[in-house]
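Chemist:
There are 4 protein chains.
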Amino acid sequence: MSGNTFGTLFRVTVFGESHGSHIGMVIDGCPAGLTIDLDFIQSELDRRKPGQSKITTQRKEDDHFQILSGVFEGKSTGTPIAGLILNNDQRSNDYSHIQDKYRPSHADYTYDSKYGHRDYRGGGRSSARETAARVMAGAIAKLILKEHGIDIFAYVSKVGTLEMSKKHHEIDPKDIEKNIVRCPDEASALKMIKYIEEIKASGDTVGGVISCQIKNTPAGLGEPVFDKLHADLGKAMLSINAVKGFEYGSGFKGSELKGSEHNDEFTKVGEKIQTKTNHSGGIQGGISNGMDIYFNVAFKPVATIMKEQSSITSSGEETKISGKGRHDPCVVPRAVPIVESMAAIVLADFLLRNKTSKLGDIK
Amino acid sequence: MSGNTFGTLFRVTVFGESHGSHIGMVIDGCPAGLTIDLDFIQSELDRRKPGQSKITTQRKEDDHFQILSGVFEGKSTGTPIAGLILNNDQRSNDYSHIQDKYRPSHADYTYDSKYGHRDYRGGGRSSARETAARVMAGAIAKLILKEHGIDIFAYVSKVGTLEMSKKHHEIDPKDIEKNIVRCPDEASALKMIKYIEEIKASGDTVGGVISCQIKNTPAGLGEPVFDKLHADLGKAMLSINAVKGFEYGSGFKGSELKGSEHNDEFTKVGEKIQTKTNHSGGIQGGISNGMDIYFNVAFKPVATIMKEQSSITSSGEETKISGKGRHDPCVVPRAVPIVESMAAIVLADFLLRNKTSKLGDIK
Amino acid sequence: MSGNTFGTLFRVTVFGESHGSHIGMVIDGCPAGLTIDLDFIQSELDRRKPGQSKITTQRKEDDHFQILSGVFEGKSTGTPIAGLILNNDQRSNDYSHIQDKYRPSHADYTYDSKYGHRDYRGGGRSSARETAARVMAGAIAKLILKEHGIDIFAYVSKVGTLEMSKKHHEIDPKDIEKNIVRCPDEASALKMIKYIEEIKASGDTVGGVISCQIKNTPAGLGEPVFDKLHADLGKAMLSINAVKGFEYGSGFKGSELKGSEHNDEFTKVGEKIQTKTNHSGGIQGGISNGMDIYFNVAFKPVATIMKEQSSITSSGEETKISGKGRHDPCVVPRAVPIVESMAAIVLADFLLRNKTSKLGDIK
Amino acid sequence: MSGNTFGTLFRVTVFGESHGSHIGMVIDGCPAGLTIDLDFIQSELDRRKPGQSKITTQRKEDDHFQILSGVFEGKSTGTPIAGLILNNDQRSNDYSHIQDKYRPSHADYTYDSKYGHRDYRGGGRSSARETAARVMAGAIAKLILKEHGIDIFAYVSKVGTLEMSKKHHEIDPKDIEKNIVRCPDEASALKMIKYIEEIKASGDTVGGVISCQIKNTPAGLGEPVFDKLHADLGKAMLSINAVKGFEYGSGFKGSELKGSEHNDEFTKVGEKIQTKTNHSGGIQGGISNGMDIYFNVAFKPVATIMKEQSSITSSGEETKISGKGRHDPCVVPRAVPIVESMAAIVLADFLLRNKTSKLGDIK
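Chains as they are written, first to last, in our numbering: chain A, 1 to 363; chain B, 364 to 726; chain C, 727 to 1089; chain D, 1090 to 1452.
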C-alpha cells in the first residue's frame, strides 16, 4: 500500500534504487502455462536502455535480466515471477555535489520531507531507472496479450512544439522503429532529431508527447465506476516519471465539441457491432467497446540541465547547482516502451478481471 | 476489486443505480472524533443536484441523505460511515424506448457486452447519478482536510471553445458560486451561460473544462512509484463520467517547454522552502512540495441529445434513436463539486497514508 | 483497509452498530446473471435471528432486509449489491448504566483505547448484531455455490463439555434443523438443550463448538502461499464474535499423529482421484483436492452474565457491574448460519479467484 | 491477489521455488529511518536453517541473504526493501522419481489441478523452503517492534503426545534456545528429543504444537470487524506449511467454560488498567488490551516418510512411492522462528494501521 504495487489480478511489485545493486520486479497472478520468451523481454529492455542513440543519454547500461522464480521449463507456473536487472553503472562518487542540495524540479526535497532519510545517489528511488523493471513486467504482460491478439504500440507524436504531421489513424506501426526518435512519420522525425541535437548541444532539455494505440481489444474490459479502463490507463501513464497529462479518444479537444459532433453512432460491419466514428477512443462508460483505444501522454522536459540554477540546501541555505554527467536531452524516445509496458500491464489485468463478470463464465 | 471502491486508508465504496431505490456509500477508515457537519454535507449535495438552474437538467431531485452508521453524538466513531440518498425521481416508464437500443456514446453496449444483464433504466449503474454518493463521501473528506487547513476549490474554466480570460492564479474562489456556470470570471461566465442556453435550445450539448486548486497541502503527500499524488488525482478525475483528459501543473503545454524554462528553482521565503515558479503544480516526484496543486479536467459533451441518431438494437438491427426527457446541455457546472469531492477523497487518503512514512512518526 | 471488507473478488463490506438505525452490507464482485432468491436470504436471516427459541435471547428482531442495488428483474447485474436490515429493537435507554463502565471480556475498553469515542449502546460496532449483515452476504454467496453444486452445512458439536456422540462423517445434514440447538444427533441435542436451560436459569452462559462441512468442492480452490484455503477459512471464522480457535481436518489431534498414520494415500474411484483417508480435510498445500472439507470453530461463553462482576470506569475508578436485558446463554445455536455464511463467502471468493489460474482458462 | 502478499501497510511479497535459483521477499511500507541490523536478520535465518541439529533434516543450506534495495547507509529509506536468499542445495536430479507421482499429503496433486504446469522439484513453490523469506521479513518486522518494546517469542510445547509440563506463564524465554527442540522446560525437552530421534530412526515423522507469546503490546491494535488482531494472527499461522489449527487465549478449552469462569474482570495496577485473569489472551473484540497475547499452533507430521505408500501418477495409474533424501522427522523445532516471524509481521502491520484511528493522532 506504499505505492510500489500496481494491478489487481495481474499484480506487479517493483523495487530498487538508481544506484543500488539491482532493480527488480515480482509479478503475482500471471496465469500458468504462458511461454516466457526471454529474447522478447530482452528486446523490450533494449528499446528502453540508455546509450542506444545519439539523442539519448550516453550512459551505458546493458540491462541484462535474470528470472528468479515462477518459470519452469520455459513456461509460467502460476507462482510469482521475480526478475532482476543488475545496475552495472553505479558511479556513486559522482553524487557528492548534490548530496545536500535540492535539485530544481527533482524529487530530492519532497523525498526528504516525506522520509527524512534518502538515497541521494542519482535520484535513488525517484530516478527513472526504476522504469526498467516496469518494462520487464510489461513484456510479460504483452506475452499474455499476444495470446489474445491484442496489439499495443506507442510512438513519439510531438517534441517541444514540433508535432507529427500524420493523424493517429494514418500511421503504420512498422515505421516506429525506423528512426531513433520513434516517430512513425519520417519527415517529422528528422526535424525532431535535429531539434533534440540542438537542445542537447545547448545543455538544455525539452518535453514531448507520446501517443499510444491498442488494437483488437475485446469488448467488456474495464470495471465501473472507479476502475474505468481509461482511469487505470491514466493512472498508469501518470505514474511514469515526468508525465504531466493524459487524454484518451477525443481528449481535451473533444471538450470543445457538441454532442451531435462527438457522439459515435453504432453500426454493423458484417456481424460485428462497430461505431462509425471513434471519438470515444474505444471506451464507453469505462469499458472497452472493441474499437481502437488511443491516448496521448505529455512529458515535461528532463529536469537535469547543464545550466546553473538557484537552489536550497537541506539545511536551508541558498546555493547554486548545475547538472553533471550524462542525461537525456529529451525523454520521449526512450519512454515509448515504458508507455507500452504500462498499457500492457493494465490491459492484462483487466483481461483477467473480466473473467468473472458473468455467472455463465465461471461455470 | 470490481471497481466500486476507491482509496487505501480512507476507503469509499459506492453503490446504486440511477433508477433503483437508493444510491449510497460506505466510508471505511474515517478517523474517530471528527465532527460530522450534516448541513455542510447537504450543501455540497445541493451544489451537484439536478434542477438547480436554467442551464442544468430540469429533473428535480432533492438528494436528501441519511447517515446509517459510524457517527455517534455528532462525531465519527472510526467504524464505517454508511450514507444513503433516496432516488425520488424514478420514472421508469420513460425508458421502454431504449430498453433494446444502444444509445450512441453511452455505456449500454459495453455493459451488455460485459455483463449480459443490465438495468437499462436511465443508464442504470453507468448514469452520473452515482456521483451524488461521491459528493457525500467527498464532503466528509473535506471535513478532515479542514482540520488540517487544506482548501480545495474547482471551477469551470472553459465551455466549448469559450475559455475563461483569467489565469488560474488570478481567480478569487469566492467568485465561483456567484454565477450559475461556476466560472469565477464574470465576463466569461456570462458568455458561457448564453452559449449553453443556445446549445440547449438547439437540442444539442457541449463539453467543457473544470480547473481545480488545492491550497495549504503539507509537503510529503503521495507515494512512490505507482501511487504518485498526481497519478491518483488523475485516476480519480478520469473515473468521473464524461471525463476525457487530465493534466496538472504545466500539463500538455509544459511538454512544449525547455528544461531551463520549466524548472522551478527553490528559494526560501521566511522559514519556508518554496519554489520561485510552480510549473510542477505543487508535486515533484509524485509527492507534494507544499506549493499550490492545480489541474485541469476535460469533459466531453453529454451524450444524450434531442436529435435523431443511428444505432443498433441488442439483437443487432439498425435503428434510429433520439433523446427524451430532461438532460444537462453541459455537464461542467454541476460537475464542479464532483471534481472537488474526488480531489478531497484523494487528499484525505494520502494524508492518512503519510502517517507511517517515518519511524519517528509511529512512536 | 480498516477491517470492514472481506474477500478479494467476491468482496463484502459491512457496516452498522447494534443500536444505529440499520446494519447493512455491500457485495462488490457478484457475477451478473445470478438469480437472487429473496425467500432464501430471509430464511437464512431467520436462522440467525434473536428470539427463535427458548434457549436463545428473547429479544425480538424480525431482521427483514431490503436490497437497494445491483439486482434487476430478479437477477444480479454485476454491479454492487447493497442490502439493509432495520434495527427495530433499539432501546437505547437501557444502556446508561454501562456508558462509563468497561464490561468484563467485552470490547468497551479496547474500543475506547483505540478510538477515544464510541457508541456504547449495546456494544455498538462490537456487538454480534453485525453478523446479520454477514448472513445476508453469505446467503448470496451460497446462491453462487449452489450453481456449482457446492454444499455447506454447519452444526453444534459441543456445548460446554457435552460433546456430540456422532463423528463428523456419521451425521445427516437433514437432522441439523430438527432441534433448537442445531445438533444433528438427537440424544446429544437433548442433553445440550437441558444444559443450556440450566445455565440460563443460573444467570450464567457457556461456550461451545461448531463443526462445518463443505461438500463437492472442485480441486484447485485456494492460493499459495499466504491465501491458503484453510488460512482464509480460519481468518473468516476467527473474525466471528466470540471465536477462540479454529482447526481443520485432523486439527490439533492430528499434531499427535505420525506421518505414517496421518498421510492420505491417493487412489482412484472410477475416474476420480480421491484419498483413502481424509486427515487433510480436503485441502493440501492450501488448495482443495476435491474431498470433503471439514473444520471446527470454538466459541467462548457469552460475556454478558447476570452475576455481579468487578470492573473499572472510563475514568479509572473501581466499580461493580451486572448484566441486564436479554442475552443468549449460549451463542452456538444461533452462530451456525454465521459459520456457514463466512464459509460460503470464502468459497465463492476462491471459486472466482481460480478462474484465471491457467492460461487455457482465460482464452 | 494471488496469495503471495501479506499485510496492509507493512506489506510482504514473497517469491521463489525450492529448487529455483533464489527465494526472496519485498517489503513495501517499512517506515524510513529504521536501523537494519544485518547480523540480527542472519541470526534469525540461522534459527530456521536446515542441518542445525541431529533432529532436523541434514540438508545443508547456509541461507545467506542479500539486501537489494530500500536500505541506505544502514537505515531504511521508506522505499521497498528487497532481499534474496540463494538456494545453494539445488540437487534437481534427485526428483525424477516423483516427477509424475502425487506424493501423499503433499501439494503435488492440488497444484497440478490448479495450474496444469508445476515445478515438481522438491515441491517447488509448495515447499517450506519459502518460509526462509518469511523469516527475513519477520526479522525486519521485529526490528520495528523492538523500537516499541514489543517482545515476541515462540517455543515447542508439544511433540506428538508429549506435552510440556510448564504452563505458558511459567516459562522463561531465555530457556527456549537452550536445547535443540526449543522447549523451555528441560525435562520435557529431553523426552521430546529422544522421541524425535526414535521417530527418525523408524523412517517416520511426527507432529507437534508451537506456543507463542507477545508481551508489551499497547492497547488498540487490531481492526473491527474482519481484521481482528487474532483473526489475522490466525490466518498468518494457518498459512505456514503443515499447520492444522490455531487457538488463542483460552482457546478450545475456553469453549468448555462458563461466562462466570471465563470473564476477565478489570482492575487497576498502579495507573494501568489490567485484567485479573487473561482468558482473553490479550485481545478483546479483536483489539489488543495491553495484556499478554498468547496462542497455540498445531502442526501435522511431515508428509515425507521413508516408508512405502500407495499413490497415483498424473496419468491416473496406481503406483508406489517412498521418500528419499533428507527430511525433518518433526517440523516444530525449526518452525519456531517462522511462527515468531509471522506474528511479528502481523503486529508491525497493525501498529502502523493504528496510527490513523483517531483524528487527534493524524494532526
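We treat Cβ as the ideally placed atom computed from N, Cα and C, and that holds for glycine.
These numbers were taken from a predicted model, which means no experiment stands behind them.
Please tell me whether Gly74 (chain A) has its Cβ less than 8 Å away from any Cβ of chain C.
Modeler: Not one chain C Cβ lies under 8 Å of Gly74 (chain A).
Chemist: Gly1086 (chain C) touches chain A at which residues, Cβ-Cβ below 7 Å?
Modeler: What Gly1086 (chain C) touches in chain A: Gly33.
Chemist: Smallest Cα separation from Gly679 (chain B): which of B:Leu408, B:Ile562, B:Tyr465 and B:Arg689?
Modeler: Answer by Cα proximity: B:Tyr465.
Chemist: Are the C-beta atoms of Leu1318 (chain D) and some chain B residue less than 8 Å apart?
Modeler: False, the Cβ-Cβ gap to chain B never drops below 8 Å.
Chemist: Compare the Cα-Cα distances from Gly149 (chain A) to each of A:Val12, A:Asn216, A:Asp37 and A:Gly138 and report the closest residue.
Modeler: It is A:Asn216.
Chemist: Does the distance from the CB of Gly1348 (chain D) to the CB of Val1028 (chain C) come in under 8 Å?
Modeler: Against a cut-off of 8 Å, the Cβ pair of Val1028 (chain C) and Gly1348 (chain D) comes out as a contact.
Chemist: What are the partner residues of Thr1030 (chain C), as DSSP defines its beta bridges?
Modeler: Note: Thr1030 (chain C) sits in no beta bridge, so no partner.
Chemist: Determine the chain C residues that contact Thr79 (chain A) at a beta-carbon separation under 7 Å, and present them in chain order.
Modeler: Going along chain C in sequence order, the residues near Thr79 (chain A) (Cβ under 7 Å) are Pro950.
Chemist: Quick check on the DSSP output: the beta strand (DSSP E) that includes Phe1046 (chain D) runs from which residue to which?
Modeler: No answer is possible for residue 1046 (chain D): it lies beyond the span of chain D, which begins at 1090 and ends at 1452.
Chemist: Checking 8 Å against the spacing of the C-beta atoms, do Ser574 (chain B) and Ala517 (chain B) come in under that value?
Modeler: A contact, by the Cβ cut-off of 8 Å.
Chemist: For Lys994 (chain C), go through chain D and note every residue whose CB falls closer than 9 Å to its CB, in chain order.
Modeler: Chain D residues near Lys994 (chain C): Ile1401, Gly1405, Glu1406 and Glu1407.
Chemist: Would Tyr1337 (chain D) pass as a contact of His1319 (chain D) if the rule is Cβ separation under 8 Å?
Modeler: Closer than 8 Å, so yes.
Chemist: Quick one: is Thr1101 (chain C) near chain A, going by C-beta distance under 8 Å?
Modeler: Outside the shown range of chain C (727 to 1089) lies residue 1101 (chain C), about which nothing can therefore be said.
Chemist: Tell me whether Tyr478 (chain B) sits in a helix, a strand or coil according to DSSP, three-state version.
Modeler: Note: Tyr478 (chain B) maps to helix in three-state DSSP.
Chemist: Would Gly1211 (chain D) count as contacting chain A if we go by Cβ distances under 8 Å?
Modeler: Chain A contact via Cβ: absent.
Chemist: Can you confirm whether the segment 334–351 of chain A touches the segment 2–16 of chain A when touching is taken to mean that 3 or more C-beta pairs between the two stretches lie within less than 8 Å?
Modeler: These segments touch.
Chemist: Which residues in the same chain have their Cβ closer than 7 Å to the Cβ of Phe1355 (chain D), if we skip the five residues on either side of it in sequence?
Modeler: Same-chain partners within the cutoff: Ile1362 and Thr1364.
Chemist: Note down, in chain order, all residues in the segment 1214–1246 of chain D with a beta-carbon under 9 Å from any beta-carbon belonging to chain B.
Modeler: Here the close residues are Ile1233, Glu1236 and His1237.
Chemist: Using a C-beta cutoff of 8 Å, does Lys1452 (chain D) count as contacting chain B?
Modeler: Interface residue, yes.
Chemist: Three or more C-beta pairs closer than 8 Å, one from the segment 1279–1295 of chain D and one from the segment 1215–1232 of chain D: is that the case here?
Modeler: The segment 1279–1295 of chain D vs the segment 1215–1232 of chain D: no contact.
Chemist: In chain C, which residues lie less than 9 Å from Asp391 (chain B) when you measure between Cβ atoms?
Modeler: The contacting residues are Met727, Ser728, Gly729, Asn730, Thr731, Thr739 and Phe741.
Chemist: Please list, in chain order, the chain C residues whose beta carbon lies closer than 8 Å to that of Leu162 (chain A).
Modeler: Going along chain C, no residue has its Cβ under 8 Å from Leu162 (chain A), so there is no contact; the nearest lies around 42 Å.
Chemist: What's the call for Asp1128 (chain D), buried or exposed, on a 16-neighbour Cβ count within 10 Å?
Modeler: Asp1128 (chain D) should be labelled exposed.
Chemist: Could you pull out every unbroken beta strand (DSSP E) segment of at least 3 residues lying fully inside the segment 628–704 of chain B, listed in chain order?
Modeler: With a minimum length of 3 residues, the continuous beta strand (DSSP E) runs that stay inside the segment 628–704 of chain B are 629–632, 635–638, 656–662, 672–676 and 681–684.
Chemist: By Cβ distance below 6 Å, which residues in the same chain neighbour Ile362 (chain A) in space, the five residues on each side in sequence not counted?
Modeler: These residues qualify, in order along the chain: Thr356.
Chemist: Give the single residue among D:Tyr1198, D:Tyr1184, D:Ala1121 and D:Asn1177 whose Cα lies nearest to the Cα of Gly1012 (chain C).
Modeler: Ranking the options by Cα distance to Gly1012 (chain C), first place goes to D:Tyr1198.
Chemist: Assuming Thr1039 (chain C) contacts Thr1045 (chain C) under a Cβ cut-off of 8 Å, what Cβ separation, rounded to an integer in Å, is found between them?
Modeler: Yes, Thr1039 (chain C) and Thr1045 (chain C) are in contact; Cβ-Cβ is about 5 Å, under 8 Å.
Chemist: Could you tell me whether any Cβ in chain A is nearer than 8 Å to the Cβ of Ser574 (chain B)?
Modeler: Chain A contact via Cβ: absent.
Chemist: Considering Cα atoms alone, identify which of D:Thr1166, D:Lys1413 and D:Asp1316 is closest to Leu1157 (chain D).
Modeler: Comparing Cα positions, the closest option is D:Thr1166.
Chemist: From what residue to what residue does the beta strand (DSSP E) around Ala154 (chain A) run?
Modeler: Asp151 to Val159 is the extent of the beta strand (DSSP E) around Ala154 (chain A).
Chemist: Please state the DSSP three-state secondary structure of Ala863 (chain C).
Modeler: DSSP places Ala863 (chain C) in helix when its eight states are reduced to three.
Chemist: Let me confirm a value: His532 (chain B) is counted as buried when at least 16 other C-beta atoms fall within 10 Å, else exposed. Which label applies?
Modeler: Under this definition His532 (chain B) is an exposed residue.
Chemist: Determine whether the Cβ of Lys114 (chain A) lies closer than 8 Å to any Cβ atom of chain D.
Modeler: Yes, because at least one Cβ of chain D sits closer than 8 Å to the Cβ of Lys114 (chain A).
Chemist: Quick check on the burial criterion: 16 or more other C-beta atoms within 10 angstroms. Buried or exposed for Asn1177 (chain D)?
Modeler: Exposed, since its Cβ has fewer than 16 Cβ neighbours within 10 Å.
Chemist: Measure how close the beta-carbons of Ile36 (chain A) and Lys75 (chain A) come, nearest whole angstrom, since I'm counting them as under 8 Å.
Modeler: Correct: roughly 7 Å between the Cβ atoms.
Chemist: Can you give the Cα-Cα distance for Lys961 (chain C) and Gly1008 (chain C), rounded to whole angstroms?
Modeler: Rounded to the nearest angstrom, the two C-alpha atoms are 18 Å apart.
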